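Please read the structure below before turning to the comments.
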Amino acid sequence: MPTFALVDGNSFYCSCERAFDPRLRGKPVVVLSNNDGCVIARTAEAKAVGIGMGDPWHLIKDRPALRDVIWFSSNYALYADMSRRMFEVLNSFSPDVEPYSIDEMFMLLDGLPDRNGIGSRIREAVLGSAKIPTCVGIGPTKTIAKLANRIAKKTPGLEGVCDLSDVDVRRDVYRTFPVADVWGVGPSSVRKLARHGVETVAQFLELPAFVVRKELSVTGARIHQELTGISCLPLSDLPSTRKGLAVTRSFGQPVATRQALTEAVAAFADRASEKLRQGDLVAGHLTVFIRTSDFKPGPRYSNLASMTIERTSDSLALVSLASRAAARLWRDGYAYAKAGVMLTDLSPRQQAPADLFPSREPSKVAKLMEAIDRVNAVHGRGALRPALVGFRDKWKPRQGNLSNRFTTDLRELMEVVA
DNA sequence: TCTGGGGTCCTAGGACCC
DNA sequence: TCTGGGGTCCTAGGACCC
27 MPTFALVDGN SFYCSCERAF DPRLRGKPVV VLSNNDGCVI ARTAEAKAVG IGMGDPWHLI
87 KDRPALRDVI WFSSNYALYA DMSRRMFEVL NSFSPDVEPY SIDEMFMLLD GLPDRNGIGS
147 RIREAVLGSA KIPTCVGIGP TKTIAKLANR IAKKTPGLEG VCDLSDVDVR RDVYRTFPVA
207 DVWGVGPSSV RKLARHGVET VAQFLELPAF VVRKELSVTG ARIHQELTGI SCLPLSDLPS
267 TRKGLAVTRS FGQPVATRQA LTEAVAAFAD RASEKLRQGD LVAGHLTVFI RTSDFKPGPR
327 YSNLASMTIE RTSDSLALVS LASRAAARLW RDGYAYAKAG VMLTDLSPRQ QAPADLFPSR
387 EPSKVAKLME AIDRVNAVHG RGALRPALVG FRDKWKPRQG NLSNRFTTDL RELMEVVA
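The first sequence begins at 27 in our numbering and counts up one residue at a time.
Following this line, the structure appears as structure tokens:
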């Protein structure tokens with residue numbers, strides 16, 4: 027039987043901010059989503075003054091109780107780099123580490139020389155080297171490790187570690203643990219299970235497998251199995267090639283001209299092409315969507331255009347296709363709030379079938395893209411951009427309080443030291 | 001002034017084929 | 001009078017996750 031650990035960074039984005047500013051210790055801190063929209067990370071102190079996950083910042087920030095709360099715009103470059111550091115620390119314990127999200131990593135503990143107190147030692151190492159406090163959940167399947175992690179997080183006496191390797195300990199936990207808190211069981215599944223009188227994990231496990239299969243499909247059946255201690259979600263050692271990628275944004279202010287909208291979509295397509303090239307991939311399908319706000323009064327409109335394209339990662343081609351699509355989707359008389367570009371049907375550039383009649387010479391395009399990427403690596407993203415993107419950036423999201431990129435930009439680190 | 005931005009997997013149903 | 005039975009591939013949409 028394998029042993030999995032799930033290591034999860036506490037209030038990850040907030041902890042990243044704290045790692046570079048000790049004055050934030052013990053204070054309520056929140057990090058906001060893009061556009062400074064809603065709260066996506068909060069410290070224990072921030073939870074204590076009543077801030078919920080996903081709360082719209084502009085609706086709550088003036089409450090008297092929140093007077094001392096320190097807030098940040100999200101600084102993704104910093105968080106991604108901190109995540110990489112966390113990975114490296116875990117990797118020094120075990121060769122089998124699978125990043126599950128930016129702040130969560132699964133690892134296999136099998137074959138480790140000394141398993142005694144392993145959870146605490148992992149925590150100490152991550153805190154010491156990466157400056158990130160974590161919780162560790164341990165169990166014979168991913169689902170159980172995840173469940174253990176949740177208990178570690180919520181139970182003060184446990185010092186951030188919960189081990190559910192033992193079947194009797196699990197049985198005890200299952201009697202009261204709500205099935206709604208199990209990884210992969212969402213609101214829709216909870217409603218179905220409630221019709222069978224199921225509320226706890228223990229009750230869930232009493233359901234016959236065929237009932238679970240019928241009600242919750244194979245996804246639910248796997249969770250059912252995993253909770254009994256039979257592992258069916260393996261650790262994936264290799265980073266899988268991604269299936270699709272998207273660049274979507276809410277606008278800093280409503281976009282009301284066709285020009286501004288097409289420029290925004292062009293910019294998203296430009297960024298999406300860049301991501302594509304970073305993974306050495308090409309896309310065979312392009313989707314563009316535009317929409318008005320769900321929250322503001324006024325006429326609503328939402329539409330998308332989806333097209334199969336000649337496989338490419340050429341910014342100029344993708345930007346041109348995407349902005350033409352946006353121009354077609356445009357309707358007069360609406361205040362647009364959000365748009366996006368999605369690329370799917372991805373494949374490695376090398377494996378992509380060659381086009382019989384390419385519209386442009388592939389080797390020349392590759393050289394041009396390489397040059398563009400190099401210039402932007404030195405001078406900053408967007409320094410060199412397709413003309414269709416423009417320089418007005420009317421759509422740019424708000425970022426009212428962005429911390430410095432301490433770990434990835436030397437100049438920005440020096441600003442703090444100075 | 002102001003409500004995020006990504007992902008994955010699964011299923012159903014349509015189009016098309018023999 | 002009677003109008004098949006599989007396959008595959010693709011897409012849209014649901015559900016869930018962080």
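Cβ coordinates follow ideal geometry from the N, Cα and C atoms, glycine included. Keep in mind it's a predicted model, so treat the numbers as computed, not measured.
Supposed contact pair residue j and residue i - C-beta distance, whole angstroms, cut 8 Å
{"i": "V193", "j": "N175", "result": "That belief does not hold up - the Cβ atoms of V193 and N175 are roughly 18 Å apart, past 8 Å."}
{"i": "A286", "j": "W421", "result": "6 Å"}
{"i": "S339", "j": "R375", "result": "7 Å"}
{"i": "A298", "j": "L372", "result": "No, A298 and L372 are not in contact; Cβ-Cβ is about 11 Å, not under 8 Å."}
{"i": "F230", "j": "V205", "result": "5 Å"}
{"i": "N60", "j": "S328", "result": "Not quite, the Cβ-Cβ distance comes to about 19 Å (not below 8 Å), so this is no contact."}
{"i": "S266", "j": "E336", "result": "That pair is no contact at about 25 Å."}
{"i": "L261", "j": "F417", "result": "L261 to F417, Cβ: 46 Å. No contact."}
Beta carbon of residue i nearer than 8 Å to that of residue j
{"i": "P412", "j": "V345", "result": "yes"}
{"i": "G310", "j": "T334", "result": "yes"}
{"i": "R149", "j": "V195", "result": "no"}
{"i": "F315", "j": "A247", "result": "no"}
{"i": "Y362", "j": "V281", "result": "yes"}
{"i": "P423", "j": "G255", "result": "no"}
{"i": "K218", "j": "E232", "result": "no"}
{"i": "M16", "j": "I158", "result": "In the structure as shown, the chain begins at 27 and stops at 444. Residue 16 is therefore absent and cannot be evaluated."}
{"i": "A156", "j": "V115", "result": "yes"}
{"i": "A352", "j": "T288", "result": "yes"}
{"i": "D140", "j": "P28", "result": "no"}
{"i": "T160", "j": "G35", "result": "yes"}
{"i": "K87", "j": "E71", "result": "no"}
{"i": "D94", "j": "S109", "result": "no"}
C-alpha gap between residue i and residue j, whole angstroms
{"i": "F30", "j": "A292", "result": "43 Å"}
{"i": "A228", "j": "N101", "result": "41 Å"}
{"i": "V367", "j": "P121", "result": "36 Å"}
{"i": "G80", "j": "K390", "result": "46 Å"}
{"i": "L439", "j": "G154", "result": "20 Å"}
{"i": "I253", "j": "P182", "result": "Residue identity differs from the one stated: residue 253 is Leu in this sequence, not Ile. Near 24 Å, if we compare the C-alpha coordinates of P182 and L253."}
{"i": "A403", "j": "Q304", "result": "12 Å"}
{"i": "L302", "j": "L271", "result": "8 Å"}
{"i": "A45", "j": "P388", "result": "45 Å"}
{"i": "L138", "j": "Q425", "result": "44 Å"}
{"i": "E447", "j": "L410", "result": "Residue 447 falls outside the range modelled here, since the chain spans only 27 to 444, and no answer is possible."}
{"i": "I144", "j": "R326", "result": "54 Å"}
{"i": "G165", "j": "P125", "result": "17 Å"}
{"i": "L134", "j": "A103", "result": "28 Å"}
{"i": "R147", "j": "F119", "result": "10 Å"}
{"i": "N142", "j": "G223", "result": "40 Å"}
{"i": "K180", "j": "A151", "result": "21 Å"}
{"i": "A290", "j": "K393", "result": "26 Å"}
{"i": "N117", "j": "L259", "result": "20 Å"}
{"i": "R317", "j": "D419", "result": "18 Å"}
{"i": "P48", "j": "R89", "result": "26 Å"}
{"i": "R354", "j": "Y105", "result": "37 Å"}
{"i": "V401", "j": "V238", "result": "55 Å"}
Residues of its chain near residue i, where Cβ-Cβ distance is below 7 Å and the 5 sequence neighbours each way are ignored
{"i": "D207", "result": "R176"}
{"i": "E441", "result": "N430"}
{"i": "A67", "result": "S37, F38, Y39, C40, V56, V57"}
{"i": "D107", "result": "T433, T434"}
{"i": "E43", "result": "L50, V55, V57, F98, S429"}
{"i": "D306", "result": "P374, R375"}
{"i": "T226", "result": "Y200, R201, T202, F203, P204, V205"}
Best match in the options for proximity to residue i [C-alpha to C-alpha]
{"i": "L92", "options": "P82, S99, G76, A103", "result": "G76"}
{"i": "I96", "options": "V55, V115, M112, A72", "result": "V55"}
{"i": "A348", "options": "A295, I86, G359", "result": "A295"}
{"i": "L190", "options": "R68, D263, P159, L32", "result": "L32"}
{"i": "G324", "options": "W356, Y360, R337, A290", "result": "Y360"}
{"i": "A343", "options": "Q377, N427, R357, M395", "result": "M395"}
{"i": "T167", "options": "D47, R400, I249", "result": "I249"}
{"i": "R437", "options": "D419, N427, H405", "result": "H405"}
{"i": "S243", "options": "D399, K322, S214, L264", "result": "S214"}
{"i": "L264", "options": "A74, N427, V123", "result": "V123"}
Chain-order list of residues whose beta-carbon lies under 6 Å from that of residue i (same chain, five-residue window excluded)
{"i": "S332", "result": "T313"}
{"i": "W209", "result": "T169, K172"}
{"i": "S319", "result": "A363"}
{"i": "D198", "result": "none"}
{"i": "V216", "result": "A206"}
{"i": "Q251", "result": "C258"}
Cβ-heavy atom distance, residue i to the ligand SAH, below 7 Å
{"i": "D122", "result": "As presented, the structure is devoid of all ligands, the ligand SAH included, so that no description of it is given."}
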